Every structure is written in C-alpha cells, then in structure tokens.
C-alpha cells in the first residue's frame, strides 16, 4: 500500500514539476545562447538582451526552488488536511504510510529541483572557461583545509539531504498544527512555522554554544578542520533530532487531532 | 453485533457542542436515514465514524472496533463535498480505487457510469457539480463494504437522476451491509428507509423503524419531520 501511495503522489507532484524543470532548462539553453552571441557580437542591443536572458535564467533558478516548496506545501495541505483528505484518510492505509509517502515524494521533489538548477547552471555555463576553473579552486581550497574533496562532497550531500528533510518536516508540522484549529487554518500554519523556526533556532544555538564551547576549552590546540568536522556533526545531529520531533508532531496532529471540519 | 455503535459520544467545536452524549446502535442489513436540520450534527457523526474527527469523549465503534486501519476496509464513505482531484479523469480515478480497495468492483462502476452517460475519458474539472457527485456516489457504491455512510448523496443531483441514484443504492448494497444516509431530501429517500434517526442540537431525538411511523402514527417520515422540526 505504501508503494501505491508513493506512486500516486509521484504522479500528482511530477506532472507539474516536470513542466517547471523543462521551462528552467529551456531558459538555461537561451541564456547559454546569449552568452555565445555576446562573445561574438559587439551589438549593444544584443548584449542588453543577453544580460536580460541571463538575469531571467537566474530568477528562474530561484523561482524553481521556491515553486517546488510551494507546490509541496499545497499538496500536503490539500491532500492531508484539505478536501482531498476525505479520500486520503478513508483509504485502508495507516497514518505513517500517508505521512512517509508525502515526505519521500517531497524530499525527491526538493532534491530534484536542486538537480534541475545545477543542470541548468551547467548548460548555461558549458564551455565557459572561468566557470570550469571553479572546480580547480574548490580542490585547492580543500587541500588547503586538509579535507579530502570526495569526503567533503559526501558530507555536503548528506547535510543537504538531512537539512532538506528537516525543513520539509517543519513545514508539515506547522501545517498540521495550523489545520487542527477550526478557523484561520492557513494563517495559523504560517504562524506555527515561525514559532517552530524560532524555537528550534534558540535551542540549537544554545546547545551549540555549550557543546562547541566545551570542546574548544578541552581542545585548545584544535585545528580548523577539527572544528569544522565537529560543527558538521553537531549540525547533522541537531537536524536529525529536530526532524524526529517534527515528524512526531505531524503524526500526533494528523492521527489524534485530525480536523476535517 | 451492531455495525455502528455510539457510546456517550460527544464532540465539541470550540465551545459549540456538535454531538452531546449520543448513544446509538445500527444493525447490519438496515437502511437508516439520518435526518435533521442544518447544523444538527449529522455530518459530524459520519466524520467521527470515519476517523476524520476525534471525539472529545465517549466512543464510536465500527463492527466493534474504534475507527482505524481495519474499519476503513469495512466502510465506504461519501462525503458532502468533492474530494477528487480536478485534473484526474474518470479512468484514472477508477484505477486509483482499484489500487487501494480490494472490494472495489470496477465492472459495476463502469456499468453505472455508462448508464449515466459519463465517459471515462472526461476529467473532473470538465464536469458539472451534479456529475461529480454522481461519479463519487458510483465509486462509493461500487465497493462491497459492510457499512455505507452517505452524506447528502443526492443534494446536488437533478431530480431525473435521483431515482437512478436511489435505485443504485438499493440495488448495489449487499443485503448484509448497512447504509446510513444523511439528507434533507426526505421525501426522495423515504421509500428506501428501514429506520430513521432524528437528530437536532447534537442530541438523538428519535430512532424509530419507518413502519412504526407509518402504521402506529399514521404519518409519512417527511410529514413527521416537518412537524417535529417546524420553524416558528
């Protein structure tokens, strides 16, 4: 049943996302073409048009990520706490299956929006020498900091994955709490998003001061790479704990306080 | 064993009581009309039976179980509003129901759709409100459930289609199953009903077999309803 939920959710989400990603890649192609024309021509009008196309591509990248998040929020609110919830919650599936299927598809949607932006960037900058040098600069910086580039990229990937997961669950929790009220559900969802953000920031900042401070005191000779490593693990651990708390809040509000009134 | 049991069931929306200490048993094989004016608690009771709302106190049982995964397999629910995604075609919705409900009879659904002239290629957003309601009712009645909960099944449907829908309800359900119909259109559903429940202000005022109303009181259900809920 879980896989069936995922299949239908993927269909529902990606029928719009694929259009969005296709639009972004077309914009990337146009931006690449404008760079090529600007290199060949001295025509001022063409240069202005080229700069505008590059600007529109950059805005499209930002819009793609934002629209993906908005789509994810609307899907969750509508299918779990809105009119479609009348069907969702009367399917013979458990609450965990419903929530985990939404979480998995939302995570895929967010990660694929990052991938689409990256692909767009690569298309836009294909063959541009100054951009291809970024990789070299990255490798040299890693060597300078005494960090293995492969391991650094892996850690970066894991951090992106975990922080995306936490952000999605924070949005789910806020929507679920907001929709447990009888009136002003959307407004209260937004309010609780900020309440959760501020609350979690306060707690993690306080904890990081305690943990990092004590480590600094005990290891006065700690190198920059050791401190970076410590900060990375602390951030990962904090995000995972927060993700667990947000999932529990979402589950309890959906299972015990569902309010399709 | 009753298919639906309410024990001191109470549900509040803030300070407003939607249901207050409701006690009720519905036996299998009965078609029951849940009748009452607007805001009387009919939809709330049906939503509680589906686990879409949580009671403040008391409990509601389906075949002896609290609403949950197991009871969802037994209950076929028609809500008062459209829950189908607008972009979906009828065929995609049939696939969806077939995927999730093992008791869904696709053949039966396709037959009813063709009788009502609704093409499977049509999308929900292209349909009138009445046709959307017909599609939902067909989906719900094409399941072989033990309990059908129908919230305003003919509210938005033209009078010509009502007879077909009411006949569909009678002809589709398993004689061992129970059907609870919440509606304002009492005269239309009256010929179907075995029992009626009158509800108002969150209280059950009457739970009586229709034959008793007709034979002992000498009235139709519609006439009795108008008498008991008369607006002054």
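Chains as they are written, first to last, in the numbering used here: chain U, 4 to 264; chain V, 172 to 403.
Backbone N, C-alpha and C fix where the C-beta goes; we use that ideal spot for every residue, glycine too.
Bear in mind the structure is a predicted one, so any value in this text is a computation, not a measurement.
- At a Cβ-Cβ threshold of 7 angstroms, residue 261/V and residue 297/V do not count as neighbours.
- Taking the beta carbon of residue 218/V as reference, the chain U residues within 7 angstroms of it are 263, listed in sequence order.
- Taking one beta carbon from each stretch, the region 108 to 126 of chain U and the region 59 to 72 of chain U have 3 or more pairs nearer than 8 angstroms; the two touch.
- Residue 364/V is positioned such that its CB atom lies closer than 7 angstroms to that of residue 202/V.
- If you check each beta-carbon in the region 93 to 107 of chain U against every beta-carbon of chain V, the ones closer than 8 angstroms belong to 93, 94, 95, 96 and 97.
- At a cut-off of 7 angstroms between beta-carbon atoms, residue 188/U makes no contact with chain V.
- Under the 7 angstroms criterion on CB atoms, residue 248/V is classed as interfacial with respect to chain U.
- Contact note: residue 87/U reaches chain V through 254 and 256, using a C-beta cutoff of 7 angstroms and chain order.
- Counting along the chain, residue 72/U sits inside the alpha helix (DSSP H) bounded by residues 47 to 79.
- Looking at the backbone, the Cα of residue 340/V and that of residue 366/V are separated by about 16 angstroms.
- Remark: C-beta atoms of residue 126/U and residue 190/U do not approach each other more closely than 7 angstroms.
- In the assembly as shown, residue 20/U is a buried residue. Its beta-carbon has 16 or more other beta-carbons within 10 Å.
- When the beta-carbon positions are compared, residue 353/V and residue 322/V come within less than 7 angstroms of each other.
- What residue 260/U touches in chain V, judged by beta-carbon distance under 9 angstroms, is 225, going in chain order.
- Residue contact check for residue 45/U against chain V: no CB pair falls below 7 angstroms.
- Note that the C-beta distance between residue 112/U and residue 16/U is below 7 angstroms.
- Nearest CB-CB separation between residue 321/V and chain U: not below the 7 angstroms threshold.
- The C-alpha of residue 185/U lies about 34 angstroms from the C-alpha of residue 348/V.
- Between the region 194 to 212 of chain V and the region 275 to 294 of chain V there are fewer than three inter-stretch CB-CB distances shorter than 8 angstroms, so the stretches are not counted as touching.
- Rounded to the nearest whole angstrom, the C-alpha separation of residue 162/U and residue 30/U is 29 angstroms.
- The three-state reading of DSSP puts residue 275/V in strand, counting E and B together.
- Between residue 393/V and residue 358/V, the CB-CB gap stays under 7 angstroms.
- When rounded, the separation of the alpha-carbon atoms in residue 36/U and residue 134/U is 16 angstroms.
- For residue 90/U, the neighbours in chain V by C-beta distance under 8 angstroms run, in chain order, 254 and 255.
- About 5 angstroms separates the CB atoms of residue 207/U and residue 241/U; that is less than 8 angstroms, so the two are in contact.
- Spatial neighbours of residue 264/V in its own chain (CB-CB distance under 8 angstroms, excluding positions within 5 residues in sequence) are listed in chain order as 255, 295, 306 and 310.
- Counting the other Cβ atoms within 10 Å of the Cβ of residue 173/U gives 16 or more, which makes it buried.
- Under DSSP, residue 115/U takes part in no beta bridge, so it has no partner.
- Chain order gives the chain V residues near residue 7/U as 270 and 271, where near means a beta carbon separation below 8 angstroms.
- With its beta carbon at least 7 angstroms from every one in chain U, residue 305/V lies outside the interface.
- Considering only beta carbons, the part of the region 178 to 197 of chain V lying closer than 7 angstroms to chain U consists of 184 and 185, in chain order.
- Your pair residue 231/V and residue 177/V checks out as a contact, with CB atoms roughly 5 angstroms apart and the cut at 8 angstroms.
- Residue pairing by DSSP puts residue 319/V in a beta bridge opposite 247/V and 350/V.
- Scanning the region 144 to 203 of chain U for uninterrupted alpha helix (DSSP H) segments of 4 residues or longer gives 152 to 181, listed from N- to C-terminal end.
- Contact of residue 240/V with chain U by beta-carbon distance below 8 angstroms involves 95, 96 and 97.
- As DSSP reads the structure, residue 367/V sits in a beta bridge with 204/V and 379/V.
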